[in-house]
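Take a look at the structure below.
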Amino acid sequence: MSNIPTPHISAKSEDIAETVLMPGDPLRAKYIAENFLENSVCFNSVRNMLGFTGTYKGKKISVMGGGMGIPSIGIYSYELFNFYKVEKIIRIGTAGAISSAVNLRDIVIGMGACTNSNYALQYGLSGIFSPIADYDLLKTACDSSLKFGFKFKVGNVLSSDNFYSDDKDALSRWNKMGVLAVEMEAAGLYMNAARAGKKALCILTISDCPLRGESLSSDERQNGFTDMMKIALETA
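In case it helps, the working numbering puts the sequence shown at residues 12 to 247.
Structure, rendered in structure tokens:
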């Protein structure tokens, strides 16, 4: 019995490319499909988690929303890697700066992803697993950023299970360990990729600096997202 369609993705196997760009917001996936892909076709609308496949510079690429948090991206990336034979997923999202070396509009490429999640508990490991990006994707993203002249930093990010945390000093402690920014999905994506023997990368735009009380307007966020999308498309 085939595993597809899944409870969350209604596509046929051939509908999805080997490379998937994955923003959290499904409407952001729609924006990418309409503005960057040629001949894009919607392959999924289950739970309004929109997915599209088209071509970019002649290459077949898919883009699909992944939702918020490790449980959500954990479901979608697992099904894409294991049931749809996707080889590469590039997450593109926003993050809050933790390090003073990271500022609004900067692009952060997640070399590693710390987490306060227990997602790795399922693997029954005898120690702490360190989720990391695929090196080839990481290098290509850095090269593309340099080509475009975009300001970026590479390093550790924090994938937090909490958007509203009762621990008001948590980010300051992660800052002491050199973590650049906080988001909510990369660690789960990296673990799913590792377990499936596939490739993953997380590219982020800094939309706010919670330790400094700074944030971007909606218009500025739109421009920053566009830069990040260009890097991801070139990396794909």
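Built from N, CA and C at the ideal position, the CB exists for glycine as well.
Environment of residue i [buried if 16+ CB atoms lie within 10 Å]
i, result
"GLU194", "buried"
"LYS162", "exposed"
"ILE120", "buried"
"SER128", "buried"
"ALA28", "buried"
Three-state class that DSSP yields for residue i in the structure shown
i, result
"ARG102", "strand"
"PHE161", "coil"
"LYS150", "helix"
"SER170", "strand"
"LYS241", "helix"
"SER51", "strand"
"ASP230", "helix"
Residue(s) in a DSSP beta bridge with residue i
i, result
"ALA28", "In the DSSP output, where bridge partners are listed per residue, ALA28 has none listed."
"PRO34", "ILE103"
"TYR89", "DSSP output for TYR89 lists no bridge partner at all."
"ILE72", "GLY65"
"GLY123", "ILE143, ASN167"
Other residues of its chain near residue i: CB distance less than 8 Å, five sequence neighbours each side excluded
i, result
"THR246", "ILE101, LEU148, THR151, ALA152, SER155, LEU212, ILE214"
"ARG206", "TYR134"
Beta-carbon proximity list for residue i, same chain, < 6 Å, skipping 5 on both sides
i, result
"CYS220", "ALA108"
"ASN55", "ILE20, SER21, ALA22, GLY62"
Neighbourhood of residue i by C-beta, 7 Å cutoff - its chain only, sequence neighbours within 5 removed
i, result
"PHE47", "TYR67, MET240, LEU244"
"GLY85", "TYR130, GLY199, ASN203"
"LEU115", "ILE217, CYS220, GLU225, LEU227"
"SER79", "Note on identity: in this sequence residue 79 is Met, with Ser being the wrong assignment. For MET79, where only same-chain residues beyond five positions count, the Cβ hits under 7 Å are GLY35, MET195."
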